[in-house]
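In terms of our numbering, the sequence shown opens at residue 653 and continues consecutively.
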Amino acid sequence: MRLRINRRLTFTMIVMMILISGCYKQRVGDSYDAERVTVEEREIRETDYIQVPYEQLLYTKTASEFSWQSRSVEHLDPDIQQLYDDSTNRAPGGWVLKETSQEIYMLISGGQLPSAKGFRIASVKMTRKQIGDPKNHLYITLASQADDGTEDYPGQASVTSLIRIPKSGLPPGAAIQGISMTGVDWISRLQ
653 MRLRINRRLT FTMIVMMILI SGCYKQRVGD SYDAERVTVE EREIRETDYI
703 QVPYEQLLYT KTASEFSWQS RSVEHLDPDI QQLYDDSTNR APGGWVLKET
753 SQEIYMLISG GQLPSAKGFR IASVKMTRKQ IGDPKNHLYI TLASQADDGT
803 EDYPGQASVT SLIRIPKSGL PPGAAIQGIS MTGVDWISRL Q
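Written out as C-alpha cells, the structure is:
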C-alpha cells in the first residue's frame with residue numbers, strides 16, 4: 653500500500669516540476685518582451701518631433717457608383733492632377749507623387765471605407781534630428797471622421813487626399829525617403 657502512494661506522489665511531483673519549469677520559462681520570455689516593448693515605447697516618446705506644415709489640396713471618394721471630391725484650390729497643375737487621379741485606388745498609406753525644387757505632392761490613402769466615413773489628417777511630423785533609423789522618415793497620423801455630403805451614397809469608396817508640403821517646412825537637410833502612417837487600424841474595423 654505504501655508503495656502505491658509513493659509512486660503516485662513521485663509521479664505528481666514530476667508532473668508539477670515539469671509544469672512549474674514550463675511556466676517559469678514562459679514568464680521569463682514574457683518579461684523580456686514586456687521589457688523590450690517598454691524600451692521601444694520610451695524611445696518613441698523621447699524622440700523629438702517637429703510638425704511638418706502641409707496644405708490639403710484635394711479630398712476624394714471614388715467608387716464604381718459615384719465620385720465625390722472636395723477641393724481647396726481652383727487650379728492644379730495638370731501633371732499633378734493626372735498623377736493623383738491615376739492613384740486614387742491605392743491601399744492605405746502615403747506616396748510621394750511629385751517633388752519640385754520647392755514642394756512635395758503626396759497622396760494619402762485611407763483605403764476602402766463605407767461611403768459616409770472618411771479621415772482627416774491629424775498630424776504630419778518628422779524627427780528634428782535626422783540621424784539613425786528614423787532618418788528622412790515622415791510620420792502621418794489619421795483620425796476617423798464622418799463625411800457630410802456622402803452619407804446617402806451606397807457601398808464603399810476609396811478615400812484619398814492630396815497634400816502639398818513645402819520643403820522649407822522640413823528639418824534642415826531632410827528629404828522624405830520613408831512614410832509611416834498610424835490611425836489606420838480603425839479602417840479594418842469599419843469594413
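No residue lacks a Cβ here, since even glycine has one placed at the ideal position from N, Cα and C.
*Which residues in the same chain as G770 place their Cβ atom closer than 6 Å to its Cβ, once the five residues preceding and following it in sequence are excluded?*
Excluding the 5 residues flanking it on each side, G770 has same chain C-beta neighbours closer than 6 Å at Q797, D799, V811, in chain order.
*Under 8 Å between the Cβ atoms of G801 and W720?*
Yes, the Cβ-Cβ distance between G801 and W720 is below 8 Å.
*Using the DSSP secondary-structure output, state which residues sit across from Q721 in a beta bridge.*
Beta-bridge pairing by DSSP links Q721 to T712.
_Where the beta strand (DSSP E) containing Y805 begins and where it ends_ = Run containing Y805: none; DSSP gives neither H nor E here.
*Within 8 Å, strictly: CB atoms of Q833 and G745*: Residue 833 is actually Met in this sequence, not Gln. Going by C-beta atoms, M833 is nearer than 8 Å to G745.
*Use the C-beta contact count for M778: other C-beta atoms within 10 angstroms, 16 or more gives buried, fewer gives exposed.*
Its Cβ being crowded by 16 or more others within 10 Å, M778 is buried.
*Tell me, please, whether the CB atom of S820 is closer than 8 Å to any CB atom in chain D?*
Protein chains in the displayed structure number just one, and chain D is not present.
*Give the straight-line distance between the Cα atoms of P823 and T793, rounded to the nearest whole angstrom.*
P823 and T793: Cα-Cα distance of roughly 18 Å.
_Spatial distance of L759 from I828 (CA atoms)_ = Rounded to the nearest angstrom, the two C-alpha atoms are 13 Å apart.
*When you compare each of S716, R742, E755 to I732 by their alpha carbons, which one comes out closest?*
Taking only the C-alpha atoms, the option nearest I732 is E755.
*Give the DSSP-derived three-state secondary structure of Q853 in the structure shown.*
The chain is shown from 653 up to 843; residue 853 falls before or after that span and cannot be answered.
*Would you identify the three-state DSSP class for T740, choosing helix, strand or coil?*
When DSSP states are grouped into helix, strand and coil, T740 belongs to the coil group.
*Would you mind sorting I670 into buried or exposed? The rule is 16 or more other CB atoms within 10 Å of its CB.*
So I670 counts as exposed.
*When we look at the beta-carbon of M653 and count the other beta-carbons within 10 Å, is it buried (16 or more) or exposed?*
Confidence is the limiting factor: at M653 the pLDDT is only 48, short of 50, which leaves the residue's position unreliable and the question unanswerable from this model.
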